Ligand code: ADP
Ligand code: TYD
């Protein structure tokens, strides 16, 4: 299947190791001769990176859940149009840190009960699912500790706390059952190399 474009996403709670594992997977695929685009959400295109600053910085109540959903969807539409879709069409492997499943969780069940609206907007404006989604599953306390230890300005979501992390973890596992055809769940509570080996196996088995 070399030469065929693929769209792979990483999902999971904050601090679960998605960015680390997305980077390691991209390095591995490049080393084996694949053309890879490593990207992230919110962001991944110049316009979407501008929106990222709006949604991740500032007070926790800066936006209502509905406004936030519109901002994430706008960022995703731009990212899809300008980065993801062109790369997949050129036969590249796109490795993306978060995508629409994060909206299903954070805006759909985490901050507010907006799943129906999330699904409607997705169908109207995005209408694209990944070929493979890797859920890095881990215990919420460890995830939050890791995420907060990074520091930085982007703490709007981490400031929602450990109860939200717990609900997100359960929600992601439920989502993996809902979309069982494209989800693979990997235990992220181990060393980086052990997790990375499982990720490589999962991807090689599917692409
Ligand atoms: P995410 O993108 O899911 O928020 P990161 O990849 O940024 O998570 O990881 C959060 C922090 O935890 C980083 O400081 C990273 O170096 C560290 N980390 C990532 N994976 C592991 C692991 N398996 N064991 C211990 N620390 C890890
Ligand atoms: P990210 O930078 O991936 O954070 P982390 O590395 O801590 O996992 O994402 C930032 C935050 O944005 C994260 O708390 C989840 C949130 N988010 C949403 O609420 N909805 C979305 O659609 C996306 C993509 C992210």
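Residue numbers (this note's numbering): 1 to 207. Just so you know, even glycine gets a beta-carbon here, dropped at the ideal spot from N, CA and C. All values derive from a computational prediction rather than experimental measurement.
(request) Confirm the yes/no value for this check: CB of residue 20, any heavy atom of the ligand ADP, distance under 7 Å. (result) Under cutoff, so the answer is yes.
(request) Take the Cβ of residue 136 as the centre, count every other Cβ of all protein chains shown within 10 Å, and call the residue buried at 16 or more, exposed below. (result) Buried is the label assigned to residue 136, since at least 16 other Cβ atoms lie within 10 Å of its Cβ.
(request) Put residue 11 into one of helix, strand or coil per three-state DSSP. (result) strand
(request) Have a look at residue 197 and residue 130 and give me their C-alpha separation to the nearest angstrom. (result) Their backbone Cα atoms lie some 21 Å apart in a straight line.
(request) Indicate the three-state DSSP secondary structure (helix, strand or coil) for residue 114 in the structure shown. (result) coil
(request) Determine, using beta carbons only, whether residue 76 and residue 112 come nearer to each other than 8 Å. (result) A distance of 8 Å or more separates the beta carbons of residue 76 and residue 112.
(message) Determine whether the beta carbon atoms of residue 88 and residue 8 lie at a separation below 8 Å.
(response) no
(request) List in chain order: all unbroken beta strand (DSSP E) runs of 3+ residues lying wholly within the stretch 155 to 199. (result) Those beta strand (DSSP E) runs which fall completely within the stretch 155 to 199 and span 3+ residues are 183 to 187.
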